[in-house]
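First up is the structure itself, then whatever we jot down about it.
Number of protein chains: 2
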Amino acid sequence: MVQRVVRQVRDTNLEADITLATNASQHDIIINQLGEEVSIVTEPERRDTFPAIALAASYLKLHKQCSDDEVVIIMPCDPYTENGYFETIGKMAKCVEKDVAELVLMGITPTYPSAKYGYVVPGADNGNEWLPVARFTEKPTVDVAEQLIAQNAFWNGGVFAFRLGYIMNIVRKYMLSESFEDTRSRYGEFPKISFDYEVAEKAQSVAVVPFSGQWKDLGTWNTLTDELHHHTIGNATLGPKCENTHVINELQYPIFVDGVKDLVVSACPDGILVCAKKETENIKKYVEKLEHRPMYEERRWGSYRVIDDTTYEDGSHSLTKSITLLEGKNISYQKHYHRNEVWTFVEGEGIFVLDGVTRNVKAGDTVVILAEHWHAIKATTKTLTFIEVQTGNPLVEEDIVRTTWDW
Amino acid sequence: MVQRVVRQVRDTNLEADITLATNASQHDIIINQLGEEVSIVTEPERRDTFPAIALAASYLKLHKQCSDDEVVIIMPCDPYTENGYFETIGKMAKCVEKDVAELVLMGITPTYPSAKYGYVVPGADNGNEWLPVARFTEKPTVDVAEQLIAQNAFWNGGVFAFRLGYIMNIVRKYMLSESFEDTRSRYGEFPKISFDYEVAEKAQSVAVVPFSGQWKDLGTWNTLTDELHHHTIGNATLGPKCENTHVINELQYPIFVDGVKDLVVSACPDGILVCAKKETENIKKYVEKLEHRPMYEERRWGSYRVIDDTTYEDGSHSLTKSITLLEGKNISYQKHYHRNEVWTFVEGEGIFVLDGVTRNVKAGDTVVILAEHWHAIKATTKTLTFIEVQTGNPLVEEDIVRTTWDW
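Next up, the structure:
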């Protein structure tokens with residue numbers, strides 16, 4: 001999704017510098033997806049959209065030294081949309097440059113009376129590309145949504161344009177800071193509130209620029225599966241009594257589904273979801289309760305997958321991973337205090353360092369790394385994969401000391 | 408299921424010698440479940456119920472030297488039933504001893520007009536515990552089933568009683584053999600036909616002994632989940648919009664289910680099933696098409712689970728297992744021609760042999776076993792678990808030479 005959106009921004013010649021605001025855990029995967037062509041601002045913790053935007057704005061102001069007059073566009077990274085959407089963003093920027101309002105947002109022409117979006121009710125048409133905003137209505141009932149649509153209301157798609165100085169004046173109400181690093185370290189001081197409530201609903205003047213092209217929020221399985229070209233992805237079989245059912249299987253176990261209608265099955269190392277499509281809007285609050293270590297993570301050097309994580313009756317614990325490095329990439333020179341690691345190389349070749357001694361390794365080789373011994377590995381073929389068996393107590397990602405090795 | 412049935416046979420003082428007829432792949436798991444208290448006859452290949460019963464009868468006649476007068480009871484191992492069922496079997500044996508018919512079967516009082524069972528239509532009541540059988544009707548439509556029930560028809564639950572000589576006369580029509588081993592090696596000569604068609608429907612005289620107690624065929628998920636006390640087993644969560652839904656999860660990945668009704672989700676190392684309960688009668692023909700090596704197997708020494716099985720882009724292959732031995736048990740002294748194995752012990756203690764040299768091993772130890780080197784392992788604690796990483800080509804169970812080690 002993020003690759004597509006960034007490509008579309010480039011395709012429409014917005015000449016924009018892109019900054020991605022995201023959670024720290026997403027940093028490496030975004031670098032892997034986009035390379036170094038975007039800036040990344042990571043939230044130290046999850047709060048809400050106003051703090052996230054305040055942090056990104058502080059980055060532009062305090063780190064990038066942008067001027068107060070610069071036009072900033074805030075947009076989500078997951079709309080499934082066409083290039084006209086980005087052309088509309090261009091019009092929004094023009095509206096800010098002409099100072100038609102202190103805040104300009106995109107109004108998406110509704111296709112049905114959804115209860116899951118916020119609505120923007122416009123004022124009188126003034127013959128321009130933009131309309132004044134009369135009021136906002138957050139997630140109305142379907143009945144109210146029908147009435148709003150009869151009044152030419154738009155969906156609020158979460159795209160905003162304003163001058164940097166405008167948002168920084170609001171940020172400074174909560175935090176006076178001389179540096180981005182200071183702002184980030186004090187991130188917890190920002191209130192947990194959405195950008196819509198803290199900024200949009202309090203703004204003195206708001207304009208809306210309509211967009212009536214194709215637009216989908218792919219944030220639920222229901223909308224995402226609408227755009228999939230196949231009913232199954234991965235090792236999955238649908239029986240003859242399935243209707244409008246999608247299976248996405250990232251696991252090695254085969255999945256067989258039959259006798260169901262309007263269902264999505266999604267299986268990956270983090271868990272298995274079986275859900276009526278119409279209920280997928282509501283799963284977040286239950287899924288957040290599933291306590292679980294990450295079972296798959298992308299890193300700047302490649303990726304790993306947990307293939308076994310078992311605590312035995314006698315209290316012993318083992319964690320087994322399949323780890324893949326990309327050519328030329330390496331993990332940092334590191335050691336652990338509480339665990340041994342056994343690496344069996346199963347594909348590719350690389351250079352392994354143990355306590356300052358390097359050796360070449362290839363599929364079939366095994367190395368044993370005892371606790372407190374320094375080690376690193378670098379891939380010299382397209383990919384290098386090894387199975388890592390960890391033993392010890394505790395087995396946690398945090399048991400690591402890192403330094404660098406001069407390759 | 409097999410433990411419960413064997414326990415019920417013992418509880419009702421049938422004083423029976425039990426012989427289990429099963430597929431060869433089930434041999435070790437049955438020994439683990441029942442110990443040595445039953446005899447096991449394994450079919451070399453899957454044919455049908457007549458060949459399986461013919462093989463078991465040949466075992467009793469040719470290997471156990473039973474006399475032609477001995478009463479033999481054939482019963483399935485998966486009825487969910489009460490002790491009255493086994494008391495009825497006692498009555499059936501008495502009927503055979505009194506020679507009321509050459510074949511005696513159990514008639515189960517139907518509880519609904521099922522289309523999935525065979526029906527037994529009785530003749531006139533003779534005032535005895537048994538009735539003569541007028542005719543059989545295999546899997547009728549629901550309408551016909553209703554008419555049959557109105558004629559006091561029974562379900563055929565697959566329980567038969569006869570003298571050993573009776574069935575051996577039929578077996579000898581297909582195969583004259585002097586030894587059980589010879590019969591077993593020529594198993595493919597028996598026709599692929601059910602016992603009902605080959606024996607019951609051709610019998611000169613058949614009697615039926617009614618049973619009207621609790622009886623369930625647990626052969627489908629639909630009937631099995633009716634008897635489960637909890638809606639989830641294992642790491643599984645049901646959302647608030649689930650009705651009559653069961654999740655059985657043997658995997659480590661959490662499962663979340665919502666918005667579904669009358670569904671069963673069953674996840675184990677061999678695959679993941681998501682199926683409407685009423686369709687679970689029909690899954691067999693689809694599931695048989697899922698080509699897959701066994702992902703979990705019980706052995707006489709313990710069990711293993713495949714945790715990763717990956718073929719890489721460059722053609723390399725690795726297979727990773729979690730292997731658990733039970734106390735005092737050992738794997739045979741063995742070697743492989745085409746693979747290396749790396750074992751990292753993660754729980755318990757044992758004795759490891761490599762090329763004739765023994766050493767003690769415990770959690771945290773690693774051993775590397777290169778191709779063509781002899782090795783064995785024995786557990787000395789309650790359990791001993793190790794992670795095995797196999798590399799080489801091909802990685803197949805058949806690449807093994809076994810001998811014994813004198814522990």
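Protein chains in written order, with my numbering: chain A, 1 to 407; chain B, 408 to 814. For glycine and all other residues, C-beta sits at the position ideal for the given N, C-alpha and C.
For V209 of chain A: DSSP bridge partner residues:
As a position in the first sequence, residue 209 of chain A is number 209, starting the count at 1. Paired residues: A:M106.
For Y526 of chain B, list the residues DSSP reports as bridge partners.
The residue you call residue 526 of chain B lines up with position 119 of the second sequence. Per DSSP, B:T544, B:W562.
CA-to-CA distance, C682 of chain B to P647 of chain B, given in whole angstroms:
Taking the second sequence and counting its residues from 1, one reaches residue 647 of chain B at position 240. Taking the second sequence and counting its residues from 1, one reaches residue 682 of chain B at position 275. Between the alpha carbons of P647 of chain B and C682 of chain B lies a distance of about 19 Å.
Measuring straight from C-alpha to C-alpha, what distance separates D262 of chain A and P676 of chain B?
In the first sequence, counting from the first residue as 1, residue 262 of chain A sits at position 262. In the second sequence, counting from the first residue as 1, residue 676 of chain B sits at position 269. Between D262 of chain A and P676 of chain B, the C-alpha separation is close to 26 Å.
Counted within 10 angstroms of its Cβ, other Cβ atoms place N767 of chain B as buried (16 or more) or exposed
To locate residue 767 of chain B, count along the second sequence from 1; it is residue 360. It counts as exposed.
Can you round the beta-carbon distance between A557 of chain B and V527 of chain B to whole angstroms, since I take them to be within the 8 Å contact cut?
The sequence position of residue 557 of chain B within the second sequence is 150, counting from 1. The sequence position of residue 527 of chain B within the second sequence is 120, counting from 1. Actually they are not in contact, since the Cβ atoms of A557 of chain B and V527 of chain B sit about 15 Å apart, beyond 8 Å.
Where in the stretch 287-344 of chain A do unbroken runs of the alpha helix (DSSP H), each at least 4 residues long, occur, reported from the N-terminal end onward?
none
Starting from V768 of chain B, trace the beta strand (DSSP E) both ways and give me its first and last residue.
Reading the second sequence from its first residue, position 361 is the one you call residue 768 of chain B. Where V768 of chain B is concerned, the enclosing beta strand (DSSP E) stretches over 764-769.
Contact set between the stretch 331-345 of chain A and chain B, restricted to residues whose Cβ is under 7 Å from the partner:
N340, V342, T344
Count the CB pairs spanning the stretch 383-391 of chain A and the stretch 314-324 of chain A that are closer than 8 Å, and state whether there are at least three.
yes
Does N282 of chain A get closer than 9 Å to chain B when you measure Cβ to Cβ?
Translated into the one-based positions of the first sequence, residue 282 of chain A becomes position 282. Taking Cβ atoms only, chain B reaches closer than 9 Å to N282 of chain A, which makes this a yes.
List, in order along the chain, the chain B residues whose C-beta lies closer than 8 Å to that of P76 of chain A?
Taking the first residue of the first sequence as 1, we reach residue 76 of chain A at position 76. None at all; the shortest Cβ gap to chain B is about 25 Å.
Bridge partner(s) assigned by DSSP for S266 of chain A
To locate residue 266 of chain A, count along the first sequence from 1; it is residue 266. The partner list for S266 of chain A (beta bridge, DSSP) reads A:I248, A:L273.
Would you check if the stretch 622-629 of chain B and the stretch 471-489 of chain B touch, i.e. whether three or more CB-CB distances between them fall below 8 Å?
yes
Any beta-carbon of chain A closer than 9 Å to the one on H653 of chain B?
The residue you call residue 653 of chain B lines up with position 246 of the second sequence. Not one chain A Cβ lies under 9 Å of H653 of chain B.
Between the C-alpha atoms of S592 of chain B and M582 of chain B, what's the straight-line distance to the nearest angstrom?
Translated into positions along the second sequence, residue 592 of chain B becomes position 185. Translated into positions along the second sequence, residue 582 of chain B becomes position 175. Roughly 12 Å between the two C-alpha positions.
Which value, in whole angstroms, describes the spacing of the CA atoms of I738 of chain B and A783 of chain B?
On the second sequence, residue 738 of chain B is found 331 positions in, with the first residue counted as 1. On the second sequence, residue 783 of chain B is found 376 positions in, with the first residue counted as 1. Whole-angstrom Cα-Cα distance: 6 Å.
Report yes if the C-beta distance between G364 of chain A and F345 of chain A is below 9 Å; otherwise report no.
Taking the first residue of the first sequence as position 1, residue 364 of chain A is located at position 364. Taking the first residue of the first sequence as position 1, residue 345 of chain A is located at position 345. The answer is yes: Cβ separation under 9 Å.
Tell me, please, which residues DSSP counts as bridged to S39 of chain A.
As a position in the first sequence, residue 39 of chain A is number 39, starting the count at 1. In DSSP, S39 of chain A forms a bridge with A:T19.
Please report the residue range of the beta strand (DSSP E) in which W628 of chain B lies.
Sequence index remark: in the second sequence, residue 628 of chain B carries index 221 (1-based). Note, W628 of chain B: premise wrong, no beta strand (DSSP E); alpha helix (DSSP H) at 628-633.
Chain B within 9 Å of V389 of chain A, Cβ atoms only
For this step, residue 389 of chain A is matched to residue 389 along the first sequence. At least one chain B Cβ lies under 9 Å of V389 of chain A.
Using DSSP's beta-bridge definition, name the partner residues of V760 of chain B.
Along the second sequence, read from residue 1 onward, the residue named residue 760 of chain B stands at position 353. DSSP, once it has assigned bridges, lists B:T765, B:A783 as partnering V760 of chain B.
I want to see whether chain A comes within less than 9 Å of P676 of chain B, judged by CB atoms only; does it?
As a working mapping, residue 676 of chain B is identified with position 269 in the second sequence. It does: the Cβ of P676 of chain B has a partner Cβ on chain A nearer than 9 Å.
Hey, T19 of chain A and V5 of chain A are a contact pair by Cβ (cut 8 Å); roughly how many whole angstroms apart?
Here residue 19 of chain A refers to the residue found at position 19 of the first sequence. Here residue 5 of chain A refers to the residue found at position 5 of the first sequence. With a Cβ gap of about 13 Å, T19 of chain A and V5 of chain A do not count as contacting.
Buried or exposed: G595 of chain B, going by 16 or more other Cβ atoms within 10 Å of its Cβ?
Position 188 of the second sequence, counted from the first residue, corresponds to residue 595 of chain B. It counts as exposed.
So, helix, strand or coil for K599 of chain B, using DSSP?
Sequence index remark: in the second sequence, residue 599 of chain B carries index 192 (1-based). Coil at K599 of chain B, not helix or strand.
Chain B within 9 Å of S318 of chain A, Cβ atoms only
In the first sequence, counting from the first residue as 1, residue 318 of chain A sits at position 318. Interface residue, yes.
Rank A:M168, A:I73, A:N393 by C-alpha distance to the C-alpha of T310 of chain A and give the top, closest one.
In the first sequence, counting from the first residue as 1, residue 310 of chain A sits at position 310. Cα-wise, what sits closest to T310 of chain A is A:N393.
Inter-residue spacing [alpha-carbon to alpha-carbon] between E70 of chain A and G123 of chain A:
If you number the first sequence from 1, residue 70 of chain A lands on position 70. If you number the first sequence from 1, residue 123 of chain A lands on position 123. The straight-line gap from Cα to Cα measures roughly 27 Å.
Quick one: which chain A residues come within Cβ less than 8 Å of D716 of chain B?
One-based indexing of the second sequence puts residue 716 of chain B at position 309. The contacting residues are Q252.
Would a C-beta distance cut-off of 9 Å place E553 of chain B and P520 of chain B closer than the cut-off?
Taking the first residue of the second sequence as 1, we reach residue 553 of chain B at position 146. Taking the first residue of the second sequence as 1, we reach residue 520 of chain B at position 113. Against a cut-off of 9 Å, the Cβ pair of P520 of chain B and E553 of chain B comes out as a contact.
Check whether the Cβ atoms of Q659 of chain B and D308 of chain A sit closer than 9 Å, and answer yes or no.
Translated into the one-based positions of the second sequence, residue 659 of chain B becomes position 252. Translated into the one-based positions of the first sequence, residue 308 of chain A becomes position 308. Yes; because the gap between Cβ atoms is below 9 Å, this pair is in contact.
So Y59 of chain A and F256 of chain A are supposed to be a Cβ contact under 8 Å. How far apart are they, rounded?
For the purposes of this step, residue 59 of chain A is taken as the residue at position 59 of the first sequence. For the purposes of this step, residue 256 of chain A is taken as the residue at position 256 of the first sequence. With a Cβ gap of about 48 Å, Y59 of chain A and F256 of chain A do not count as contacting.
For Y45 of chain A, name the three-state secondary structure that DSSP assigns.
Position 45 of the first sequence, counted from the start, is the residue given in the question as residue 45 of chain A. The question names Tyr, but residue 45 of chain A in the sequence shown is Glu. Three-state DSSP puts E45 of chain A in coil, outside helix and strand.
Measure the C-alpha to C-alpha separation of A203 of chain A and V133 of chain A and round it to an integer number of angstroms.
For the purposes of this step, residue 203 of chain A is identified with residue 203 of the first sequence, where counting begins at 1. For the purposes of this step, residue 133 of chain A is identified with residue 133 of the first sequence, where counting begins at 1. In a straight line, the C-alpha of A203 of chain A is about 10 Å away from that of V133 of chain A.
Output the distance between the C-alpha atoms of G514 of chain B and G525 of chain B, rounded to the nearest integer angstrom.
Position 107 of the second sequence holds residue 514 of chain B. Position 118 of the second sequence holds residue 525 of chain B. Those two C-alpha atoms are separated by around 10 Å.
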